[in-house]
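Student: Mind looking over this structure? Questions follow.
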Amino acid sequence: MSSFYHETETVFGTHKNPILQWIFTIDHKRIALLYMGVMFTLFFLGVSAAVTMRAELFFPGPQFLQPHTYNELFTFHGITMIFLFIVPGIPAALGNFILPLMLGARDLSFPRLNLLSWWFYIVGVVVAYSALMSGNGFADTGWTFYAPYSLRTDSHVLPTLIAAFILGISSILTGINFVVTIHRLRAPGMGFFKMPLFIWGLYSTAWIQVLATPVIGITLLLVILERTLGIGIFDPTKGGDPILYEHLFWIYSHPAVYLMILPGFGIISEVLTTFTRRTIFGYHAIAISSASIAGIGYLVWGHHMLTSGISDMARIIFSLLTFLVAVPTGVKIFDWIATLYKGSIILATPMLWILGSIINFTIGGLTGLTLGAIGADIHLHDTYFVVAHFHYTILGGVMFMFIGGLHYWYPKITGKLYNEVRGRIAFGLMFVGFNTLWFPMFIAGFLGNPRRYFDYLPTFTIYHQIAGIGALLVASALLLVLYNFARGLKEGKEAGPNPWNATTLEWHIPSPPPLKNFSKIPYVDFDPYEYENGEPVVHFDENFRRVM
Amino acid sequence: MEQEMAYDALGNSHPITDYKDDYDGEKFGFWVFLLTEMMMFGVLFLLFAINFYRHSEIFALSSGSLNVWLGGTNTVILLLSTYTMGLASLKMRQGKVRVSAYFVGVTLLMAIIFLGIKALEWSVDIGHGIYPSSKILDAKDHGEILFFGLYFVMTGLHGLHVIFGIALMTWVLLLIRSGGIRPEHNIALKNVTLYWDFVHLIWIILFPLFYMIGV
Ligand code: HEM
Ligand SMILES: [Cu+2]
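Sequences listed follow chains A and B, in order. Its first residue numbered 547, the first sequence is counted upward by one per residue in my numbering. Its first residue numbered 19, the second sequence is counted upward by one per residue in my numbering.
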């Protein structure tokens, strides 16, 4: 059976050259792999930067980095991880591949637009990294580009700003494509509440991409114009207002954290049902909570500015709303735990990553509430406590979900199985390593160690050394995952269409899928996760008609 | 092409949306795109509102130095041009391809005139030394710096949209000639019409904000 690896469709008709066949492909599956390849290369660059910082911090005092180089390094790390990796993240890589398969569609609504998004992404990457080679060194502003420093610094922030703008366009185009696809290309019979929950996650995310990204786009454009022409809007010497910049930045960037996490939540629901062999507890509650997180998430940006000169009234309102947004998140966590209850739990590798992510994310979420309390935040703001919080949500949460999802869909994407034992060892290493890396930073931050410094007081040495060891464990775990995947390609067993006994539509077609996914489109008159006695309920014949 | 069907267990057939030819999908997608545009301009309007609140009097004074007649003429031109663009869309659907192309051409012409007038206005301002970071402007009151900062950014961004619109209309004309847009397949024209409506709507808000508060 020939799969999408053997044949493809491109924008310009046919090509003999396999490289051209890849970079001009309009097949959503190939585009997903293109994203994945580039994104993970950059991810490992970001990890290297992080390990370098941890090495510098292993002892107090200067080691081998100049203070200024350290500033560039954390900016490089932040920009790579946020703008180049986790924001396109799960939607562009896994979503692109899985979304049409789960919907019972042959592609996204706009396949050529999909390719265009990838090209915008590549241009963004190139422009962002061009700052490494030109001008006075990489930006040293942090990934937040706060004015007025970003207007004044003589480091090379312009390319980075322009890159973020271009990446925004890429993100918006993907968002539009997903929204339309989900509205228009669901298989006949699949109502919104028959969609798998991963799609609900992607759907909420797509709306955030569409509605929030333009805000950061125009804001960064204004910073660009401020630096080049001096229009004055954020520049206090001309009557402009730098606090306004912070508002606009966070009006995007808080929803952006949900944009990162919601598809991850979707993965949790998929993996959890498959490896407990039962339907999800509270399907509607989970679906609606994704949407309401996306909604309320728009109104809490002020919690990043509790110490930035906003009125007490505003502080109280933002704090309250921040607590509110935790409610739908809590609903999900309880639903997942209830799904585990009396399920026949199988601790396969994807399941381990997902369970780990729930634990880490719960810690990240609860410390987020600590930060959202006004009094506590005055003390904790801009300390390592914040850094630990968001690494627990992003690295311990989103990244664990992402890796869990990669394991889960690896057989679908490659047609092979990875080594299960190696997979579990990698998870164990990562879980221990991650907590060793970041838990001490809660304490260091709580005791007053500020963030974004290349140095610290000697009293904090012990925390940074434990973290340093954790960083090494994390890096080795990641390499082990990579190695496992690479070996699986060569020597993995054939996976077959449905190695996990999962229920959603992508498991009813061959692995790897053929070019147009479905020979016949199925009619969907069933819920996404129907099991009976541990076996999937729904079966199709070879013409995609349901067998009763 | 034949309508593809999905069959349920009882053998009833259900039509499948063809992603390669989905009129409603393409229109919906364009509306979503316009939402992103709206959010982007929305931020600028917000910035205008905040600064207007802080410097109301200076904003009114600065507004008085813009040429309300030129701005007004441009408003009328854009209004007429959305009308002709709408007619182009209508005529295409009625099967009158040539008339439709003619109306697109007229719209395109008006867009160019709009840009010409806009360029004239800008060059007059710049001739008076009013542009971002100029010595003359920087010596003035903060409110005035901000007013003109916003003026150049917002009308500039709008102007970019007009230029983009001109490119799109040219593309539409080419498509009509090559048969890529036909009465039964006119989504590109429909979406460009929507886009042009949006561009004109933005101007309808910009005009009173910049030109009329000082009158
Ligand atoms: C339970 C939900 C959450 C709550 C209540 C919450 C709360 C907060 C608060 C109050 C801050 C500001 C701390 C300060 O500046 O002093 C913060 C920072 C941050 N959060 Fe969250 N958060 C939540 C979820 C997330 C998620 C899911 C992510 C990412 C996937 C995330 C990523 C971040 C990041 C990157 C920062 C750092 C911003 C900076 O550079 O200052 N948060 N969070
Ligand atoms: Cu936030």
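Note that the Cβ used here is the ideal one computed from N, Cα and C, for glycine as well. Remember, predicted model here, so these are calculated numbers, not experimental data.
Kindly indicate which residue of A:His574, A:Leu579, A:Ala693 and A:Thr727 has the alpha-carbon position closest to the one of B:Lys45.
Tutor: If you number the second sequence from 1, residue 45 of chain B lands on position 27. Comparing Cα positions, the closest option is A:Thr727.
Student: Establish whether the CB of A:Phe558 and some CB of chain B are separated by less than 9 Å.
Tutor: For the purposes of this step, residue 558 of chain A is identified with residue 12 of the first sequence, where counting begins at 1. It does not; no Cβ of chain B falls within 9 Å.
Student: In terms of alpha-carbon separation, which member of A:Ile715, A:Met599 and A:Asp573 lies closest to A:Leu983?
Tutor: Here residue 983 of chain A refers to the residue found at position 437 when the first sequence is read from its first residue. Looking at the Cα atoms, A:Met599 is the closest of the given residues.
Student: Compute the Euclidean distance between the alpha carbons of A:Gly641 and A:Ile959, then round it to the nearest angstrom.
Tutor: Position 95 of the first sequence, counting from 1, holds the residue named residue 641 of chain A. Position 413 of the first sequence, counting from 1, holds the residue named residue 959 of chain A. The straight-line gap from Cα to Cα measures roughly 12 Å.
Student: Can you give me the C-alpha to C-alpha distance between B:Ser31 and A:Arg1091, rounded to a whole angstrom?
Tutor: Working through the second sequence from its first residue, we reach residue 31 of chain B at position 13. Working through the first sequence from its first residue, we reach residue 1091 of chain A at position 545. Answer to the nearest angstrom: the Cα atoms are 11 Å apart.
Student: Would you call A:Arg652 buried or exposed, if buried means 16 or more other Cβ atoms sit within 10 Å of its Cβ?
Tutor: Position 106 of the first sequence, counting from 1, holds the residue named residue 652 of chain A. Per the 10 Å Cβ criterion, buried.
Student: Could you tell me the alpha carbon to alpha carbon distance between B:Leu53 and A:Tyr1077, rounded to whole angstroms?
Tutor: Taking the second sequence and counting its residues from 1, the one referred to as residue 53 of chain B is at position 35. Taking the first sequence and counting its residues from 1, the one referred to as residue 1077 of chain A is at position 531. Taking the straight line from one Cα to the other gives about 41 Å.
Student: If the cut is a Cβ gap below 7 Å, which residues of chain A does B:Tyr37 touch?
Tutor: Position 19 of the second sequence, counting from 1, holds the residue named residue 37 of chain B. By Cβ distance, chain A contributes Ala651, Arg652, Asp653, Ser655 and Leu731.
Student: What did DSSP end up calling A:Lys888 once you bin it into helix, strand or coil?
Tutor: Counting from one through the first sequence, the residue named residue 888 of chain A turns up at place 342. A:Lys888 falls in the coil class under three-state DSSP.
Student: Taking only heavy atoms of ligand 2 into account, decide whether any of them is closer than 8 Å to the Cβ of A:Trp746.
Tutor: The residue labelled residue 746 of chain A in the question sits at position 200 within the first sequence. Every heavy atom of ligand 2 is 8 Å or more from the Cβ of A:Trp746, so no.
Student: If you reduce the DSSP assignment to three classes, tell me which class B:Val86 lands in.
Tutor: On the second sequence, position 68 is the one that residue 86 of chain B refers to. It is helical.
Student: What is the C-beta distance between B:Trp214 and B:Thr100, in whole angstroms, given that I count them as a contact (C-beta under 8 Å)?
Tutor: As a position in the second sequence, residue 214 of chain B is number 196, starting the count at 1. As a position in the second sequence, residue 100 of chain B is number 82, starting the count at 1. With 8 Å as the limit, B:Trp214 and B:Thr100 qualify as a contact, their Cβ atoms being about 6 Å apart.
Student: When the distance is taken between beta carbons, is B:Met110 closer than 9 Å to B:Asn204?
Tutor: The sequence position of residue 204 of chain B within the second sequence is 186, counting from 1. The sequence position of residue 110 of chain B within the second sequence is 92, counting from 1. Going by C-beta atoms, B:Asn204 is nearer than 9 Å to B:Met110.
Student: Any beta carbon from chain A within less than 9 Å of B:Leu192's own beta carbon?
Tutor: Position 174 of the second sequence holds residue 192 of chain B. Not one chain A Cβ lies under 9 Å of B:Leu192.
Student: Could you give the DSSP three-state label for A:Glu1088: helix, strand or coil?
Tutor: Here residue 1088 of chain A refers to the residue found at position 542 when the first sequence is read from its first residue. Three-state result, A:Glu1088: coil.
Student: Just to make sure I have the definition right: I need the residues of chain B whose C-beta is within less than 7 Å of the C-beta of A:Met1094. Which are they?
Tutor: As a first step, residue 1094 of chain A must be located in the first sequence, where it is residue number 548. In chain order: Ala27.
Student: Look at the alpha carbon of A:Leu794 and the alpha carbon of A:Phe666, and state the distance between them as a whole number of angstroms.
Tutor: On the first sequence, residue 794 of chain A is found 248 positions in, with the first residue counted as 1. On the first sequence, residue 666 of chain A is found 120 positions in, with the first residue counted as 1. Answer to the nearest angstrom: the Cα atoms are 23 Å apart.
Student: Using a threshold of 8 Å, is the CB atom of A:Trp796 nearer than that to any non-hydrogen atom of ligand 2?
Tutor: For the purposes of this step, residue 796 of chain A is taken as the residue at position 250 of the first sequence. Yes - ligand 2 has a heavy atom lying nearer than 8 Å to the Cβ of A:Trp796.
Student: Just to confirm, does A:Trp689 get its C-beta within under 8 Å of one of the non-hydrogen atoms of ligand 2?
Tutor: Within the first sequence, the letter at position 143 stands for residue 689 of chain A. No, ligand 2 has no heavy atom inside 8 Å of this Cβ.
Student: When you check each C-beta in the stretch 162-174 of chain B against every C-beta of chain A, which residues fall closer than 8 Å?
Tutor: Under the 8 Å Cβ criterion, the stretch 162-174 of chain B contributes Ile163, Leu164, Gly167, Leu168, Phe170 and Val171.
Student: Just checking, does the stretch 740-757 of chain A make contact with the stretch 802-810 of chain A on the three C-beta pairs under 8 Å criterion?
Tutor: Contact between the stretch 740-757 of chain A and the stretch 802-810 of chain A is present, because at least three Cβ pairs lie under 8 Å.
Student: Excluding sequence positions up to five away, which residues of its chain have a Cβ less than 6 Å from the Cβ of A:Ala758?
Tutor: Your numbering for residue 758 of chain A matches position 212 in the first sequence. Answer for A:Ala758: Tyr798 and Pro801, listed in chain order.
Student: Would B:Met187 pass as an interface residue toward chain A - the criterion being a Cβ-Cβ separation below 9 Å?
Tutor: Looking up residue 187 of chain B in the second sequence gives position 169. Output row for B:Met187: interface = no.
Student: Which class does B:His179 belong to by DSSP, given the choice of helix, strand or coil?
Tutor: For this step, residue 179 of chain B is matched to residue 161 along the second sequence. Residue state, collapsed to three classes: helix.
Student: Spell out a yes or no on whether the stretch 147-162 of chain B and the stretch 772-788 of chain A are touching, meaning 3 or more CB-CB pairs, one atom from each, closer than 8 Å.
Tutor: As far as the Cβ criterion goes, the stretch 147-162 of chain B touches the stretch 772-788 of chain A, which means the pair count is three or higher.
Student: Can you name the residues of chain A whose CB is closer than 7 Å to the CB of B:Gly43?
Tutor: The sequence position of residue 43 of chain B within the second sequence is 25, counting from 1. Neighbours of B:Gly43 on chain A, chain order: Ser655, Val726 and Arg730.
Student: Return the CA-CA distance between A:Ala709 and A:Phe629, expressed in angstroms with no decimal places.
Tutor: Reading the first sequence from its first residue, position 163 is the one you call residue 709 of chain A. Reading the first sequence from its first residue, position 83 is the one you call residue 629 of chain A. About 9 Å.
Student: Grab me the residues of A:Val846's own chain with a C-beta within less than 7 Å of its C-beta, minus the 5 sequence neighbours each way, in chain order.
Tutor: As a working mapping, residue 846 of chain A is identified with position 300 in the first sequence. Same-chain partners within the cutoff: His800, Phe864, Leu867, Thr868 and Val871.
Student: Under DSSP, the alpha helix (DSSP H) around A:Met1094 begins and ends at which residues?
Tutor: As a working note, residue 1094 of chain A is residue 548 in the first sequence. That residue, A:Met1094, is in no alpha helix (DSSP H); it is neither H nor E in DSSP.
Student: Any chance you could list the alpha helix (DSSP H) runs of at least 4 consecutive residues sitting entirely within the stretch 656-709 of chain A, in chain order?
Tutor: DSSP runs (the alpha helix (DSSP H)) wholly in the stretch 656-709 of chain A: 657-679 and 695-698.
Student: Using beta-carbon positions only, say whether A:Thr643 and A:Leu743 come within less than 9 Å of one another.
Tutor: Position 97 of the first sequence, counted from the first residue, corresponds to residue 643 of chain A. Position 197 of the first sequence, counted from the first residue, corresponds to residue 743 of chain A. First, the amino acid is wrong: residue 643 of chain A is Phe here, not Thr. Against a cut-off of 9 Å, the Cβ pair of A:Leu743 and A:Phe643 comes out as no contact.
Student: Would A:Val1070 pass as a contact of A:Met627 if the rule is Cβ separation under 9 Å?
Tutor: Residue numbering aside, residue 1070 of chain A sits at position 524 when the first sequence is read from its first letter. Residue numbering aside, residue 627 of chain A sits at position 81 when the first sequence is read from its first letter. No, the Cβ-Cβ distance between A:Val1070 and A:Met627 is not below 9 Å.
Student: Within 9 Å of any Cβ in chain B, is that where the Cβ of A:Trp660 sits?
Tutor: The residue you call residue 660 of chain A lines up with position 114 of the first sequence. Here residue 660 of chain A is Asn; the residue named in the question, Trp, does not match the sequence. Chain B contact via Cβ: absent.
Student: With respect to the alpha helix (DSSP H) encompassing A:Ala1041, which residues constitute its N-terminal and C-terminal limits?
Tutor: Taking the first sequence and counting its residues from 1, the one referred to as residue 1041 of chain A is at position 495. Unbroken run through A:Ala1041: none, as it is neither H nor E.
Student: Provide the residue(s) that pair with A:Glu1081 in DSSP beta bridges, ordered along the chain.
Tutor: As a working mapping, residue 1081 of chain A is identified with position 535 in the first sequence. Answer is A:Glu1078.
Student: Suppose you measure from the CA of B:Asp143 to the CA of B:Tyr169; what does that come to, to the nearest Å?
Tutor: Position 125 of the second sequence, counted from the first residue, corresponds to residue 143 of chain B. Position 151 of the second sequence, counted from the first residue, corresponds to residue 169 of chain B. If I take the Cα positions, the gap works out to 11 Å.
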